[in-house]
Amino acid sequence: MAVRILYFAWVREQIGVAEEDVNLPATVETVGALIDWLSARSDRHAEALASRERLRAAVDEAFVPLSAPIAGAREIAIFPPVTGG
Amino acid sequence: MAVRILYFAWVREQIGVAEEDVNLPATVETVGALIDWLSARSDRHAEALASRERLRAAVDEAFVPLSAPIAGAREIAIFPPVTGG
Amino acid sequence: MIRILVSDAPIDLGEEMRLAGDDGALATFTGTVRADDGVSELMLEHYPGATERALQALAEEATGRWSLSRATIVHRVGAMVPGDRIVFVAAGAAHRQAALDACAFLIDRLKTDAPFWKREQVGGQHRWVERRDSDDASAAKWQH
Amino acid sequence: MIRILVSDAPIDLGEEMRLAGDDGALATFTGTVRADDGVSELMLEHYPGATERALQALAEEATGRWSLSRATIVHRVGAMVPGDRIVFVAAGAAHRQAALDACAFLIDRLKTDAPFWKREQVGGQHRWVERRDSDDASAAKWQH
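Chains as they are written, first to last, in this note's numbering: chain Z, -18 to 66; chain W, -18 to 66; chain S, 185 to 328; chain D, 185 to 328.
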């Protein structure tokens, strides 16, 4: 499955890119599984994505828990807890 | 005791004057007693001041209950419950 | 810093927002004359001197209770028509909850603590607005 | 009527107050960059598209819950310095309590529901602002 991955804030800084297009194997079925899969891409990915409780995600622009399925998603974003306002 | 009495809102309209200077006998010791004393001045006063629970008062610009003493007051205001804001 | 203004001139919100300051968090409330039940004019009567004194005391109470950097109360008096602003209150603080709470306090207590009286014009008649129990309840919730 | 604006331009409070309307009761909240702990610059990052969508959903929820006539959320992004306004929210309603409650709801929930991230510059270093538990608690109090 071809998906665009977006990173924000310190996740983006640590990984070193704001977005990347990936081709996911069908075995990667949830956001959590995606994070594991992305962690294997490089040391920077592994480090940025190591602490699961500091990560949040959105699938196609909607906030979801890390347990959410990603079937059919075109864009998945991974980022720290938000701090606006 | 020489005191200036002020009326506001429908109390003022019903009595027909916004203020009057009166010379109070020493026996008039509270706002409530003042209202009784003022009621005797004219039919308009009696009518405007008839319903005690619809009246509020201030002594020298500070809100007080009708039971408050008036000794030494220079200005006493009588008016309906406030409705600003 | 406290700003109290009672005036028969229109309330300039842009200017009041500017004066209300930029201290981290600013909460404001603006009340406007509504054309309910065919009201064509609203006359705001007040007790000059006592009004400013009551508003100053209210602003000082809010400033002490929530450590406000600024408190503003602007109240219009005299004749108004629907759409005109009657009142503007603002609370500036370092933190948002203090600003929000103090702003709600100012407008709730203003309705019970300051000597203003509203008279509505409907058709050829005028009537004095009656105090609502809900105003007393809103003000009472701020008692310690 | 809902107004959502996410922009790197300064927030014009006079204009926003005008747009926020005159519907009986208007409550607003404005947040400003503070120079706490020597912060010299604040960078606001956001998730374009998702941000506007989250703010729109939040404004719609407030409008339905309190029968608002208008809901406004303006959020600045990009580089800011102390004194710059970050956020302006406004709730217009027929009655004061609805406006005050909806305004507090909008700012509390904005802090947990919209994809913004703050990065502070202190001296030569920058650091990402950590989410505070109090923000979660403030947002959670609006759950049914």
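Glycine included, each C-beta is placed from N, C-alpha and C at the ideal position.
Rounded distance between the beta-carbons of residue j and residue i, thought under 8 Å
{"i": "Glu304 of chain S", "j": "Arg311 of chain S", "result": "6 Å"}
{"i": "Glu225 of chain D", "j": "Ala263 of chain D", "result": "6 Å"}
{"i": "Ala288 of chain S", "j": "Leu284 of chain D", "result": "5 Å"}
{"i": "Val(-8) of chain Z", "j": "Phe60 of chain Z", "result": "6 Å"}
{"i": "Leu228 of chain S", "j": "Arg260 of chain S", "result": "6 Å"}
{"i": "Val3 of chain Z", "j": "Ala49 of chain Z", "result": "With a Cβ gap of about 17 Å, Val3 of chain Z and Ala49 of chain Z do not count as contacting."}
{"i": "Arg269 of chain D", "j": "Thr212 of chain D", "result": "Their Cβ separation, rounded to whole angstroms, is 12 Å, which puts Arg269 of chain D and Thr212 of chain D out of contact at 8 Å."}
{"i": "Ile186 of chain S", "j": "Glu244 of chain S", "result": "7 Å"}
{"i": "Ala54 of chain Z", "j": "Val(-16) of chain Z", "result": "6 Å"}
{"i": "Arg293 of chain S", "j": "Trp326 of chain S", "result": "6 Å"}
{"i": "Leu47 of chain Z", "j": "Arg35 of chain Z", "result": "Actually they are not in contact, since the Cβ atoms of Leu47 of chain Z and Arg35 of chain Z sit about 11 Å apart, beyond 8 Å."}
{"i": "Thr214 of chain S", "j": "Leu210 of chain D", "result": "4 Å"}
{"i": "Ala286 of chain S", "j": "Ala277 of chain S", "result": "7 Å"}
Neighbouring residues, chain W, relative to residue i (Cβ below 9 Å)
{"i": "Lys295 of chain S", "result": "Val63, Thr64, Gly65, Gly66"}
{"i": "His279 of chain S", "result": "Near His279 of chain S there are no residues of chain W at all, since even the closest Cβ is about 25 Å away, more than 9 Å."}
As assigned by DSSP and simplified to three states, the class of residue i
{"i": "Gln(-5) of chain W", "result": "helix"}
{"i": "Trp301 of chain D", "result": "strand"}
{"i": "Trp18 of chain Z", "result": "helix"}
{"i": "His279 of chain D", "result": "coil"}
{"i": "Trp326 of chain S", "result": "coil"}
{"i": "Asp37 of chain W", "result": "As written in the sequence, residue 37 of chain W is Arg, which differs from the Asp given in the question. Of the three classes helix, strand and coil, the one that applies to Arg37 of chain W here is strand, per DSSP."}
{"i": "Arg316 of chain S", "result": "coil"}
{"i": "Ala68 of chain W", "result": "Limits of chain W in this structure are -18 at one end and 66 at the other, which puts residue 68 of chain W out of reach."}
{"i": "Thr11 of chain W", "result": "strand"}
{"i": "Ile195 of chain S", "result": "coil"}
{"i": "Ala209 of chain S", "result": "strand"}
{"i": "Met165 of chain S", "result": "Residue 165 of chain S lies beyond the range of chain S shown here (185 to 328); nothing can be said about it."}
{"i": "Glu0 of chain W", "result": "strand"}
{"i": "Arg254 of chain S", "result": "strand"}
{"i": "Thr247 of chain D", "result": "helix"}
{"i": "Phe272 of chain S", "result": "strand"}
{"i": "Thr64 of chain Z", "result": "coil"}
Contact list for residue i against chain W, beta-carbon separation under 8 Å
{"i": "Phe300 of chain S", "result": "Val63, Thr64, Gly65, Gly66"}
{"i": "Gly215 of chain S", "result": "Gly66"}
Interface residues of chain W facing residue i [CB-CB closer than 7 Å]
{"i": "Trp326 of chain S", "result": "Those do not exist, as Trp326 of chain S stays about 14 Å from chain W at its closest Cβ, beyond 7 Å."}
Residues sharing a beta bridge with residue i, DSSP
{"i": "Gln309 of chain D", "result": "D:Val306"}
{"i": "His230 of chain D", "result": "D:Phe300"}
{"i": "Gly262 of chain D", "result": "D:Leu228"}
{"i": "Val45 of chain W", "result": "W:Ala38"}
{"i": "Val(-16) of chain Z", "result": "Z:Val3"}
7 Å Cβ cut-off: residues of chain Z touching residue i
{"i": "Val265 of chain D", "result": "By Cβ distance, chain Z contributes nothing, its closest Cβ being about 18 Å from Val265 of chain D, past 7 Å."}
{"i": "Ile291 of chain D", "result": "Gly66"}
Within chain D, the residues that residue i reaches when beta carbons sit closer than 7 Å
{"i": "Ala286 of chain S", "result": "Simply none; closest approach about 12 Å."}
Neighbouring residues, chain S, relative to residue i (Cβ below 7 Å)
{"i": "Glu42 of chain W", "result": "Gly233, Ala234, Arg237"}
{"i": "Ala21 of chain W", "result": "Ordered by position in chain S, no residue passes the 7 Å Cβ test against Ala21 of chain W, which lies about 25 Å from the chain."}
Partners in chain S for residue i, counting only beta-carbon separations shorter than 8 Å
{"i": "Ala(-10) of chain W", "result": "Glu229, Trp301, Arg303, Trp312"}
{"i": "Ala39 of chain W", "result": "Tyr231, Ala234, Pro299"}
8 Å Cβ cut-off: residues of chain Z touching residue i
{"i": "Arg315 of chain D", "result": "Pro61, Pro62, Val63, Thr64"}
{"i": "Val271 of chain D", "result": "Gly65, Gly66"}
9 Å Cβ cut-off: residues of chain S touching residue i
{"i": "Ala243 of chain D", "result": "Those within 9 Å of Ala243 of chain D in chain S number zero; the least Cβ separation is about 18 Å."}
- Query: Is the number of C-beta pairs between the stretch 192 to 207 of chain S and the stretch 37 to 52 of chain W that are closer than 8 Å three or more?
  - Reply: They do not touch, by the three-pair rule.
- Query: Should the stretch 16 to 32 of chain W be called in touch with the stretch 244 to 260 of chain S, which here means at least 3 C-beta pairs below 8 Å?
  - Reply: Contact annotation: the stretch 16 to 32 of chain W does not touch the stretch 244 to 260 of chain S, with fewer than three C-beta pairs closer than 8 Å.
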